[in-house]
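Worksheet: one structure, shown below.
Residue numbers (my numbering): 305 to 553.
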């Protein structure tokens, strides 16, 4: 495939993925791995994530395996946790070790634990694509990172962590304009409401209600930040109407 045609095919594929990631994934699954790479290998990481999330794990793993390790580890770390865990199981043992070494230790451990999380738990429903900043960082550094994101990708909150990844607090994106760019992140953060990755959907609903928020941090027993749970990610609550009330309708 010559360069102009390759570019055109990539652009068309990118639009297909943006319009319907699941359908694009199904279509790409029918192609040979090298053909998939020709179409998506040069696309942005966020587009790769959108495409590989709904893809058959064996095929997604084969595609990821052919990417440069740095790019592959970045994409894997931004997939949904269940899908990332499935891909790790598909890798050969030597490559799995290389990938594990390239990942953040907390995320690598999370993938090992993912199999023990119950369906509907915070650990399986959470999103690991979060913006973090260290307590001692200046707000200017955070602002520059946010400027590089598309507007629709701006997170409602950014998380402040310590040197070992422990969660210290949150900074609400909408409130950044009220602080001096030279402020230290640790001095302007607010307390963070957290959930255990083992928390079930009902526990999460109660936590959202109590915190009056749509975003909750998910942290382990050592308060290491694992990801973020969005209220909209929770499954629809079961109808709690009594049997007699339903009969009366």
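Note that beta-carbon positions come from the ideal geometry of N, C-alpha and C, so glycine has one too.
Given the structure is predicted, the values throughout are model-derived calculations rather than measurements.
query	result
Using a Cβ-Cβ cut-off of 7 angstroms (strictly less than) and excluding sequence neighbours within five positions of residue 483, which residues of its own chain qualify?	443, 492
For residue 439, name the three-state secondary structure that DSSP assigns.	coil
Express the C-alpha separation of residue 421 and residue 339 in angstroms, rounding to a whole number.	35 angstroms
With a threshold of 16 other CB atoms inside 10 Å of the CB of residue 501, please say whether the residue is buried or exposed.	buried
Does the pairing of the region 513–520 with the region 399–414 give three or more beta-carbon distances under 8 angstroms?	no
What number of angstroms, rounded off, separates the C-alpha of residue 447 from the C-alpha of residue 465?	16 angstroms
Less than 6 angstroms between C-beta atoms, sequence neighbours within five positions excluded: which residues of the same chain meet that for residue 363?	333
Less than 8 angstroms between the CB atoms is what I'm expecting for residue 324 and residue 357, so what's the real figure, rounded?	At roughly 13 angstroms, the Cβ-Cβ gap does not stay under 8 angstroms, so residue 324 and residue 357 are not in contact.
Exposed or buried, residue 317, counting other C-beta atoms within 10 Å across all chains shown (16 or more means buried)?	buried
Among the candidates 398, 373, 327, 489, whose CA atom is the shortest distance from the CA of residue 440?	489
Drop a sphere of 10 angstroms on the beta-carbon of residue 540, count the other beta-carbons inside from all chains shown, and report buried for 16 or more, exposed for fewer.	exposed
Measure the C-alpha to C-alpha separation of residue 370 and residue 346 and round it to an integer number of angstroms.	12 angstroms
Among 473, 360, 312, 486, which one has its Cα closest to the Cα of residue 520?	473
Taking the Cβ atom as the reference point for each residue, do residue 450 and residue 432 lie within a distance shorter than 9 angstroms?	no
Within a Cβ cutoff of 8 angstroms, which residues of the same chain sit near residue 458, ignoring the five residues on either side of it in sequence?	450, 477
Quick check: the Cα distance between residue 546 and residue 311, rounded to an integer number of angstroms?	Note on residue 546: pLDDT 47, under 50, position unreliable in the model; no value is reported.
Rounding to the nearest angstrom, what Cα-Cα distance links residue 454 and residue 445 in this structure?	17 angstroms
By how many angstroms is the C-alpha of residue 355 removed from the C-alpha of residue 336?	16 angstroms
Considering just the uninterrupted stretch of the beta strand (DSSP E) at residue 465, what are its terminal residues?	461–465
Given a cut-off of 9 angstroms on the beta-carbon distance, is the pair residue 530 and residue 430 in contact?	yes
I think residue 359 touches residue 380, with their Cβ atoms under 8 angstroms apart; what is that distance to the nearest whole Å?	Between residue 380 and residue 359 the Cβ distance is about 13 angstroms, and since that is not below 8 angstroms, they are no contact.
DSSP puts residue 476 in a beta bridge; with which residues?	461
So is residue 306 buried or exposed if we call it buried at 16+ other beta carbons inside 10 Å?	Summary for residue 306: the model assigns pLDDT 49, below 50, so the residue's position carries little reliability; its value from the coordinates is reported in the next sentence. Flag for residue 306 reads exposed.
If you draw a straight line from the C-alpha of residue 538 to the C-alpha of residue 499, how long is it?	13 angstroms
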